[in-house]
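In my numbering, the protein residues as written are 40 to 418. A virtual CB, placed ideally from N, CA and C, is assigned to each residue, including glycine. Here's the structure we're looking at; comments come further down.
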């Protein structure tokens, strides 16, 4: 969530003055810029891990939530109805946020909240299953989704890529079998050309400029199931060594399969359409991250350093909504009242970066105020 809020820091603008940095500083700046932006298609940056990490933790938290609600005596039916309600709220909240600044409702289903909402009800159905059943469920979904793309015919020779927002000579076009996952010519794109036009819109939907798609919620469910599996292990396995073994072996298997699928052209690692190889690759990273943080914070008891991040994570929905609704307003307010001081103290080329940092600080202080008063917004 911190990485998402940190999007207010315009690292790209610093590239325009990178010549003022030393050679090592320039390399560091380029590295930071890469990892604070999304890759064009195949591959992964740190920024690309925001959504899978968020989705993964939804599954992890569900494992503990179900146990708590069961101890409180809540029935399965009541918990299921709550899950359905949560799913609907997430879907509509995502659409609402994507509609801000639009003349009418912007019916789009690739927002993080909407994607989670579309799969959350199904995730709940696995919540009380054994870990092996959860694992097979996640694997089955990925095999099914892989087949959907693999069986969809490749575009015919002469396909008009510019008409769907993709340059004709785009360097990220794959050849051979991997072309089944090319941008805006795949099965999910074809589905959206039908699905998205069922809803009222200003003009007919033809493509997503970023290549994103509605059907990504299906493999996103597998990401959440991996998180659920991790949550069950954290909750039920008391021995640190055995728990670590489960995490590390699972991460290694996920990474190996993802690498093989990508290397042999059977399924490229593409976050934008949430390919099965992406689920496994990002899932492996999430498993390792969670294990390392569990070692540091839970087993070693060294958690004080994480306070700054826990303040954000404790109200993740509030943080997400603030990033959509308050960023420009906060920038304008800071500029209005403190712009003169920033201009007097900072060189013009760094003005936007400092302004973004102050916006981030304001957001964190709001979240700190909520945290201190134990106000936690839940859906």
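Would you call the segment 324 to 332 and the segment 102 to 110 in contact, with 3 or more CB pairs under 8 Å?
Contact between the segment 324 to 332 and the segment 102 to 110 is absent, because fewer than three Cβ pairs lie under 8 Å.
Bridge partners of residue 81, per DSSP?
DSSP lists 309 as partners of residue 81.
Which residue comes first and which comes last in the alpha helix (DSSP H) that contains residue 346?
346 to 352 is the extent of the alpha helix (DSSP H) around residue 346.
Excluding the 5 residues preceding and the 5 following residue 356 in the sequence, name in chain order all residues of the same chain whose CB lies nearer than 7 Å to its CB.
Hits under 7 Å: 416 and 418.
Buried or exposed for residue 310, please, with buried defined as at least 16 other CB atoms from any protein chain shown within 10 angstroms of its CB.
By the 10 Å Cβ count, residue 310 comes out buried.
Could you give the uninterrupted runs of the alpha helix (DSSP H) lying entirely in the segment 48 to 93, keeping only those of 4 residues or more?
Listed in chain order, they are 50 to 53 and 62 to 74.
If you follow the alpha helix (DSSP H) that residue 173 is part of, which residue opens it and which one closes it?
Run containing residue 173: 170 to 190, per the alpha helix (DSSP H) assignment.
Using the Cα positions of residue 173 and residue 180, report the straight-line distance between them to the nearest angstrom.
Near 11 Å, if we compare the C-alpha coordinates of residue 180 and residue 173.
Terminal residues of the continuous alpha helix (DSSP H) containing residue 134?
Its alpha helix (DSSP H) spans residues 115 to 137.
Would DSSP call residue 252 helix, strand or coil?
The answer is coil: DSSP assigns residue 252 none of H, G, I, E or B.
Using only alpha-carbon positions, find the residue among 65, 319 and 44 that is nearest to residue 292.
Closest option to residue 292, Cα to Cα, is 319.
Tell whether a beta-carbon distance below 8 Å holds between residue 297 and residue 283.
Result no, Cβ atoms of residue 297 and residue 283 do not sit closer than 8 Å.
Does the Cβ of residue 413 have 16 or more other Cβ atoms within 10 Å, making it buried, or fewer, making it exposed?
Exposed, since its Cβ has fewer than 16 Cβ neighbours within 10 Å.
I'd like the list of long-range same chain contacts for residue 49, defined as Cβ closer than 7 Å, with 5 residues on each side in sequence excluded.
Only 391, 392 and 395 meet the Cβ criterion.
Identify, in the order they occur along the chain, each residue of the same chain with its Cβ nearer than 6 Å to the Cβ of residue 191, setting aside the five sequence neighbours on each side.
Once the five neighbours on either side are set aside, the close Cβ partners of residue 191 are 226.
Ends of the alpha helix (DSSP H) at residue 46?
From DSSP, residue 46 is part of no alpha helix (DSSP H); its letter is neither H nor E.
Look at the alpha carbon of residue 295 and the alpha carbon of residue 149, and state the distance between them as a whole number of angstroms.
Near 28 Å, if we compare the C-alpha coordinates of residue 149 and residue 295.
Tell me whether residue 107 sits in a helix, a strand or coil according to DSSP, three-state version.
Note: residue 107 maps to helix in three-state DSSP.
Where does residue 317 sit, in a helix, a strand or coil, going by DSSP?
Residue 317: helix per DSSP, three-state reduction.
Within this structure, are the beta carbons of residue 399 and residue 47 separated by less than 8 Å?
Yes.
Rank 303, 260, 109 and 381 by C-alpha distance to the C-alpha of residue 98 and give the top, closest one.
Comparing Cα-Cα distances from residue 98 to each of 303, 260, 109 and 381, the minimum goes to 260.
Look up residue 235 in the DSSP assignment and say whether it is helix, strand or coil.
DSSP places residue 235 in helix when its eight states are reduced to three.
Measure how close the beta-carbons of residue 71 and residue 220 come, nearest whole angstrom, since I'm counting them as under 8 Å.
In fact, because the Cβ distance is near 29 Å, the residues do not count as touching under 8 Å.
At the level of alpha carbons, what is the spacing between residue 376 and residue 91?
Roughly 38 Å between the two C-alpha positions.
So, under 8 Å CB-CB, residue 88 and residue 321 are touching, yes? Tell me the CB distance rounded to an integer number of Å.
The pair is a contact, with the Cβ atoms about 6 Å apart (cut-off 8 Å).
Among 378, 144, 408 and 306, which has the Cα closest to the Cα of residue 238?
Measuring from the Cα of residue 238, the nearest candidate turns out to be 144.
Which residues in the same chain have their Cβ closer than 7 Å to the Cβ of residue 289, if we skip the five residues on either side of it in sequence?
Excluding residues within five positions, the ones whose Cβ falls inside 7 Å are 326.
May I have the straight-line CA-CA distance separating residue 201 from residue 285, to the nearest angstrom?
Using only the alpha carbons, I get a separation of about 46 Å.
By the three-class DSSP mapping on this structure, what secondary structure does residue 400 have?
Looking at residue 400 - three-state DSSP - the assignment turns out to be helix.
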